[in-house]
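S.K.:
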Amino acid sequence: MNKHIQSAIAITYIGLITLAEIAPVRTAEWKVGALGLDKLAHTASYAVMLFLLFPLCGKKRLIAVSLTFAHGVAIELIQAYLPYRTADPYDLLANVIGIFLVMVFVIPTLKRLLRGG
110 MNKHIQSAIA ITYIGLITLA EIAPVRTAEW KVGALGLDKL AHTASYAVML
160 FLLFPLCGKK RLIAVSLTFA HGVAIELIQA YLPYRTADPY DLLANVIGIF
210 LVMVFVIPTL KRLLRGG
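Using our numbering, read the sequence shown as starting at 110 and increasing by one per residue.
If you want it as structure tokens, here you go:
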């Protein structure tokens with residue numbers, strides 16, 4: 110896929126995630142049990158974010174990991190100052206789990222599949 114298209118997709122996705130994380134929302138609707146659906150959403154959204162950034166960073170994957178993690182930290186800091194949002198360290202933990210899953214399972218599996226083994 111063309112790098113410009115990949116970049117546009119990644120930037121659009123990150124913009125939409127950012128809007129979703131700073132927009133006013135009733136979080137009670139997302140809470141189910143001790144770990145709410147919001148944690149699953151964080152894990153999935155940050156996994157997808159990293160997956161979209163990896164090809165743009167080439168062999169410098171640490172840059173993609175750092176950018177994804179920094180985005181999560183920045184959002185939690187911003188949420189701490191928004192009267193209608195709450196910063197939650199468990200959200201950051203869920204983000205890290207999404208990053209971890211891509212690094213440990215998704216990328217190695219894709220590499221294996223692309224090599225034909």
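Every residue, glycine too, gets a C-beta built ideally from N, C-alpha and C.
(1) Does Thr-77 come out as helix, strand or coil in the three-state DSSP assignment?
(2) Distance, Cα to Cα, Leu-186 vs Pro-217?
(3) Can you list, in chain order, the residues of its chain with a C-beta nearer than 7 Å to that of Lys-172? Leave out the 5 residues immediately preceding and following it.
(4) Excluding the 5 residues flanking Glu-130 on each side, which residues of the same chain have their C-beta closer than 6 Å to its C-beta?
(5) Tell me where the alpha helix (DSSP H) around Met-110 begins and ends.
(6) Does the region 206 to 221 come close enough to the region 186 to 198 to have 3 or more Cβ pairs within less than 8 Å?
(7) Which two residues bound the contiguous alpha helix (DSSP H) that contains Pro-217?
(8) Secondary structure at Ala-129, three-state DSSP: helix, strand or coil?
(9) Apart from the five residues just before and just after Gly-181, which ones in its own chain have a Cβ nearer than 7 Å to its Cβ?
M.R.: In brief:
(1) Lying outside 110 to 226, the shown extent of the chain, residue 77 is not represented and no answer is given.
(2) Within the sequence shown, the letter at position 77 stands for residue 186. Within the sequence shown, the letter at position 108 stands for residue 217. About 32 Å.
(3) As a first step, residue 172 must be located in the sequence shown, where it is residue number 63. A small fix is needed here, since residue 172 is Ile in this sequence, not Lys. Cβ neighbours of Ile-172 beyond the five flanking positions: Cys-166.
(4) As a working note, residue 130 is residue 21 in the sequence shown. Around Glu-130: Ile-184.
(5) Counted from its first residue, the sequence shown places residue 110 at position 1. Counting along the chain, Met-110 falls outside any alpha helix (DSSP H), and DSSP gives it neither H nor E.
(6) no
(7) Counting from one through the sequence shown, the residue named residue 217 turns up at place 108. First-last of the alpha helix (DSSP H) with Pro-217: 216 to 224.
(8) Your numbering for residue 129 matches position 20 in the sequence shown. It is helical.
(9) Locating residue 181 in the sequence shown gives position 72, where the first residue counts as 1. Counting only Cβ-Cβ distances below 7 Å, and skipping sequence neighbours, we find Tyr-155, Leu-201 and Asn-204.
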